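Trainee: Residue 355 in the numbering used here sits at position 305 of the sequence shown, with consecutive numbering throughout. Using N, Cα and C, we set each Cβ at its ideal position, and we do this for glycine too. Small disclaimer: the values here were computed from a predicted structure and weren't measured. Dropping a structure here in structure tokens format, bear with me for questions.
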Amino acid sequence: MVRFDIPACDERQVARLRLELGVSDALAQVLVRRGHGDPARARVFLKADERHELEKFEGLLDSAALILERAREGRRITIHGDYDVDGVCSTAVLVRALRKLGASVDWYLPDRAEDGYGLSAETVRRLAERGTELLITVDCGITAVEEVALARSLGMETIVTDHHLPRSDGTLPDAPIVHPRLCGYPCGELCAAAVSHKLAQAIYWVAGHEPSELDEDLDLVALATIADVVPLVDENRSLVRRGMRALARTTKPGLRALMAVSRVQPGKLDERAVGFALAPRINAAGRLYRADAALELILTEDPMRAARIADELDRANSERRHTEQRIRHEAEAQIARMGDAERRSAFVLAGEGWHPGVIGIVASRLAERHRRPVVLLSLEEGSARGSGRSIEGYDLLGGLTACSELLLRYGGHSAAAGVELAGGDVPAFAAALDAHARETLTSEQLIARERVDAVVGGSQLDMELAEELAKLGPFGRGNPTVTLMVKDAVVADVRPMGEGKHARFTLQSEGVHARAVAFGNDGKLGVDEGEPVEATFTLEVNEWKGVSEPRIVLRHAQPACGGATLKPCPNVGQAQSTLFPLPTPVAASPARS
């Protein structure tokens, strides 16, 4: 099932935006429905250039001064990162900045299998033995209370930079902390690489340099912000917009080589290319092996070395995809064998030898497809360790807490979490989590929802609108791609393409015939040709062999409800909502890499 939700839209605000901003009716609808009905606010949103002063980041300049002092004293500084894109990029940002200032700096990235997530006591001891005098954590550390205390006892100063949630009991590490939400920064949703960038700018400012000298690393900030799926609101939109321009013209040999193996043209970079081509290859190193190769790729100045590492990451990503497909097939088979799968509110699935670096991706895809919280566990020597992903409306961490008596360890947040338990307790855990989800989730929350930004006619689906909507980017969490519902829509002449994986067809609306495509639907739309449908689309600027044209991409199509005609703007305070059976999926949604 899918529910189309069309938020109320004030016609007076739409008319005012059209008049004062000179925008189309469709774009005005989008702005109003997304909370930008005031012209001044709409202008700020369209400009996407929000920036906040470093002084508004409490404690940032003090931490920068300490780092600079230790760098000038020649102390050995270690940046402790994480094994995903955000952790790798945030490490690279600080290493590059400190190297330019002549600091003695190295790094440590944990191994997913051996070290696990975050700062471990064993790592602290190892770093102390090798001579680290100042330890800076990036993308981790806010929950490492005992580990930071251990570092202090071993003579290591520590600065914690992170963006994750602190411990539930509120205890923080006894060290200087650089954390956007805890330090009152106006944009509390920065990813770790953006936090590192702010810290690097502060170090440069304290050192008497111009912080803008570090703008060349905005390419890394954009890459991490998109990959870590933080909300693209406020300053994050500005960082990604500026960072995408920096990425398109980057001189970093590693990023150029990564684009080459990914078949991404720098001049045609967009959020999808970053999220589906570049980021997964960087992530692949940490998922299957160690993330050091990905960090070396970013830091190297040798084009030959960069090309070799990029090839290695490309092969690792292919291996990751094959591993993911195998695990997903086995997990789907387990669901199919359940006699009561449709009645379950949560799935806990387990398999021997499922790779711990991949099961989180699979859990995310299963949760999206089945509209259920999903936990995948890898069974090994009597132990079960894994990852879970949730859906909107269900607090996965709260669910794990309710089942805590069955768990050895767990942690995370409402949308994603990690867990470990005894292999023999998996059936009981599955039943307990399902029971908790059943008590928490309503039947409506288990229905997929499609939010409509604007209702348009076929004559509006042209190049002018496609280019206008592109100005709302960058798109991602918090600022999703614009969804258009087409009035009085009828589909015709449906033909498979791409070896039957996709389809092309004719969209008819208000006497206009337009070409459209649907991806990932096995050549079928799930609706009858010639019959009225309610359908949602995205409208893109497509470039092919030097020619630009509008491309209409189907998101969902389902039979019209009694032939009712949708109005572009319901009256103030009202919202339209329709409910129909969900047809065969026609488009893949981005998933966190």
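On the DSSP bridge list, what partners appear for residue 19?
Mentor: What is shown of the chain runs 51 to 643, which leaves residue 19 out entirely.
Trainee: Can you give me the Cβ contacts of residue 68 inside the same chain, cut-off strictly under 8 Å, excluding the 5 residues immediately before and after it?
Mentor: Once the five neighbours on either side are set aside, the close Cβ partners of residue 68 are 74, 75 and 78.
Trainee: What separation, rounded to the nearest whole angstrom, lies between the Cα atoms of residue 547 and residue 554?
Mentor: Residue 547 and residue 554: Cα-Cα distance of roughly 7 Å.
Trainee: Residues bridged to residue 290 by DSSP?
Mentor: For residue 290, which the question treats as bridged, DSSP gives no partner whatsoever.
Trainee: With distances taken between CB atoms, is the gap from residue 221 to residue 195 smaller than 8 Å?
Mentor: Yes, these two residues count as a Cβ contact at 8 Å.
Trainee: Using alpha carbons as the reference points, say which of 491, 327 and 602 lies closest to residue 565.
Mentor: The candidate whose alpha carbon is nearest that of residue 565 is 602.
Trainee: Just the Cα atoms here: how many angstroms apart are residue 577 and residue 482?
Mentor: About 39 Å.
Trainee: With a CB to CB cut of under 6 Å and the five nearest residues on each side skipped, what residues in its chain are close to residue 510?
Mentor: Same-chain partners within the cutoff: 76.
Trainee: With which residues is residue 655 paired in a DSSP beta bridge?
Mentor: Nothing about residue 655 can be reported from this structure: the residues present for the chain run from 51 to 643 only.
Trainee: Assign residue 608 to buried or exposed, taking buried as 16 or more other Cβ atoms, counted over all protein chains shown, within 10 Å of its Cβ.
Mentor: It counts as buried.
Trainee: Looking only at its chain, what residues have a beta carbon closer than 7 Å to the beta carbon of residue 521, apart from the 5 residues adjacent to it on each side?
Mentor: Cβ within range, chain order: 96.
Trainee: Spell out the partners DSSP gives residue 403 in its beta bridges.
Mentor: Looking at the DSSP assignment, residue 403 forms no beta bridge with any residue, so it has no partner.
Trainee: Are the CB atoms of residue 282 and residue 290 within a distance shorter than 8 Å?
Mentor: Cβ distance < 8 Å, so residue 290 and residue 282 count as in contact.
Trainee: Exposed or buried, which one is residue 614 when buried takes at least 16 other CB atoms within 10 Å?
Mentor: Confidence is the limiting factor: at residue 614 the pLDDT is only 41, short of 50, which leaves the residue's position unreliable and the question unanswerable from this model.
Trainee: Nearest CA to the CA of residue 416: which residue from 401, 198, 444 and 381?
Mentor: Taking only the C-alpha atoms, the option nearest residue 416 is 381.
Trainee: Would the C-beta of residue 344 count as close to the ligand SAM, meaning under 7 Å from any of its heavy atoms?
Mentor: The ligand SAM is not among the ligands present in this structure, which contains no ligands whatsoever.
Trainee: Which residues does DSSP list as the beta-bridge partners of residue 500?
Mentor: Answer by DSSP bridge pairing, in chain order: 54.
Trainee: Is there a Cβ of chain B sitting closer than 8 Å to that of residue 566, yes or no?
Mentor: The chain inventory of the structure shown lacks chain B, comprising one protein chain alone.
Trainee: With distances taken between CB atoms, is the gap from residue 336 to residue 134 smaller than 8 Å?
Mentor: Contact: yes.
Trainee: Judging by CA-CA distance, which residue of 568, 503 and 596 is the nearest neighbour of residue 85?
Mentor: When only C-alpha atoms are compared, the closest one is 503.
Trainee: Going by beta carbon distance, what residues of the same chain come within less than 6 Å of residue 588, once the five residues before and after it are set aside?
Mentor: Hits under 6 Å: 531 and 603.
Trainee: Considering just the uninterrupted stretch of the alpha helix (DSSP H) at residue 66, what are its terminal residues?
Mentor: Residues 61–71.
Trainee: Tell me whether residue 276 sits in a helix, a strand or coil according to DSSP, three-state version.
Mentor: In this structure, residue 276 counts as helix in the three-state DSSP scheme.
Trainee: Using a 10 Å radius around the Cβ and a threshold of 16 neighbouring Cβ atoms, would you call residue 594 buried or exposed?
Mentor: So residue 594 counts as exposed.
Trainee: Have a look at 419, 56 and 72 and flag the residue whose alpha-carbon is nearest the alpha-carbon of residue 514.
Mentor: For the residues 419, 56 and 72, the minimum Cα distance to residue 514 belongs to 72.
Trainee: I need the DSSP call for residue 316, collapsed to helix, strand or coil.
Mentor: Note: residue 316 maps to helix in three-state DSSP.
Trainee: Could you name the residues of the same chain whose beta carbon sits closer than 8 Å to that of residue 534, not counting the 5 residues immediately before and after it, in chain order?
Mentor: Once the five neighbours on either side are set aside, the close Cβ partners of residue 534 are 76, 502, 503, 504, 505, 506, 511, 586, 587, 588 and 589.
Trainee: For residue 89, which option in 62, 101, 111 and 115 has the closest C-alpha, if you only look at C-alpha atoms?
Mentor: The shortest Cα separation from residue 89 among 62, 101, 111 and 115 belongs to 62.
Trainee: Do residue 446 and residue 437 have their CB atoms nearer than 8 Å?
Mentor: No, these two residues do not count as a Cβ contact at 8 Å.
Trainee: Under 8 Å: do the stretch 120–138 and the stretch 150–157 share three or more Cβ pairs, one atom per stretch?
Mentor: Judged by Cβ distances under 8 Å, the stretch 120–138 makes contact with the stretch 150–157, as three or more pairs qualify.
Trainee: In the DSSP assignment, what residue or residues form a beta bridge with residue 211?
Mentor: Residue 211 pairs with 228.
Trainee: Grouping DSSP H, G and I as helix and E and B as strand, with all else coil, what is residue 97?
Mentor: Helix at residue 97.
Trainee: Checking 8 Å against the spacing of the C-beta atoms, do residue 234 and residue 346 come in under that value?
Mentor: Cβ distance not < 8 Å, so residue 234 and residue 346 don't count as in contact.
Trainee: Does the contact criterion of 3 or more C-beta pairs under 8 Å hold for the stretch 246–257 versus the stretch 196–207?
Mentor: Judged by Cβ distances under 8 Å, the stretch 246–257 makes no contact with the stretch 196–207, as fewer than three pairs qualify.
Trainee: Does residue 453 pass the burial test, meaning 16 or more other C-beta atoms within 10 Å, or should it be called exposed?
Mentor: When all chains shown are included, residue 453 counts as buried.
Trainee: Mind reading off the beta-carbon distance from residue 296 to residue 328? Whole number of angstroms is fine, and I expect it under 8 Å.
Mentor: Actually they are not in contact, since the Cβ atoms of residue 296 and residue 328 sit about 14 Å apart, beyond 8 Å.
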